[in-house]
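A quick write-up on the structure given underneath.
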Amino acid sequence: MTRLSSFAAQTLQRQIHAGHYATGSALPGQRDLAASLGISRAALREAISTLEALGMVRSQPGKGVFVTTGAGRAANEVPAGPLAMSPQDVFQFRAIVEPAAAALAARNASAAEREALQAIQARMDAALHALDLVGASEADLEFHLAIADFSANPLLSSAIRSLEEPIAYSLRLPFADPGGVWAPADEHQAVLAAICAGDATSAHRAMTYHLRRAATRISLSFVDTSSPTP
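As numbered in UniProt numbering, residues 1 to 230 make up the sequence shown, in order.
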């Protein structure tokens, strides 16, 4: 997200949690809401997209945007992702490349880079403790992008970062399950432990498991063509 859209998403999240907008109620129209937040309508739409992926609101064409936080979401209600890429296709791509990135990071990450990953994960944990799903999802994305960067393979890192927007969207979707918001953080810990131990095989396995479970949490399935790293 851009800085302004992140600010807007955080502000709306706080207002929803405070009861300013009750579950089932409609948000103000985009023009009025953007004006009240002091941002452009484009930034507001990005913020709404983030909150919709996180399960806090739902857009209904011709009717408005309605608060749904805490209500859960059926499999057929998963919103479409950006860039005309389905979440299923994005998860399949991620299941191919991200376990390889984790394995390479286990081999190549420096001590400083491993500490950076630990710091990112600590921020995600703190956000979850504060019920800040926007902040948690931002730290989640940062964790995955950092692993790609720490793989020491610039082509792999570039490929993953070129799809940052749909990847960010895909990792927000599982947070819509109120009972499973801690699952991504718990799975990150296994990935992090393997990378810090320099265990490429375990890092590959842990990342593969994390992505499979994340897809399962939003009732997605895909053909997993990844294979364990020797």
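Glycine is no exception: its CB is placed at the ideal position from the N, C-alpha and C atoms.
- For PHE175, no beta strand (DSSP E) segment is defined, and its DSSP state is neither H nor E.
- Excluding five sequence positions before and after ILE39, the CB atoms of its chain that fall closer than 6 Å to its own CB belong to LEU4, ALA8, given in chain order.
- Going by DSSP, SER59 is part of no alpha helix (DSSP H) but of the beta strand (DSSP E) stretching over 57-60.
- From the listed residues PRO87, ALA47, PRO28, the smallest Cα separation to PHE66 is found for PRO28.
- By the criterion of at least three beta-carbon pairs nearer than 8 Å, the region 187-202 is in contact with the region 121-140.
- In the three-state scheme derived from DSSP, where H, G and I count as helix and E and B as strand, ALA26 is classed as strand.
- The C-beta of LEU131 has fewer than 16 other C-beta atoms within 10 Å across all chains shown, which makes the residue exposed.
- Within the same chain, GLU187, ALA190 come within 8 Å of TYR209 by CB-CB distance, once the 5 residues on both sides are set aside.
- A check of alpha carbon separations from ARG212 across TRP182, ASP32, SER86, ARG94 identifies ARG94 as the nearest.
- Counting only residues of its own chain and dropping the five nearest sequence neighbours on each side, ALA139 has a CB closer than 7 Å to the CB of ILE120, ARG123, MET124, ALA127.
- It is roughly 9 Å from the alpha-carbon of LEU104 to the alpha-carbon of ILE195.
- Per the C-alpha coordinates, the member of ALA112, VAL134, ALA106 positioned closest to ALA168 is VAL134.
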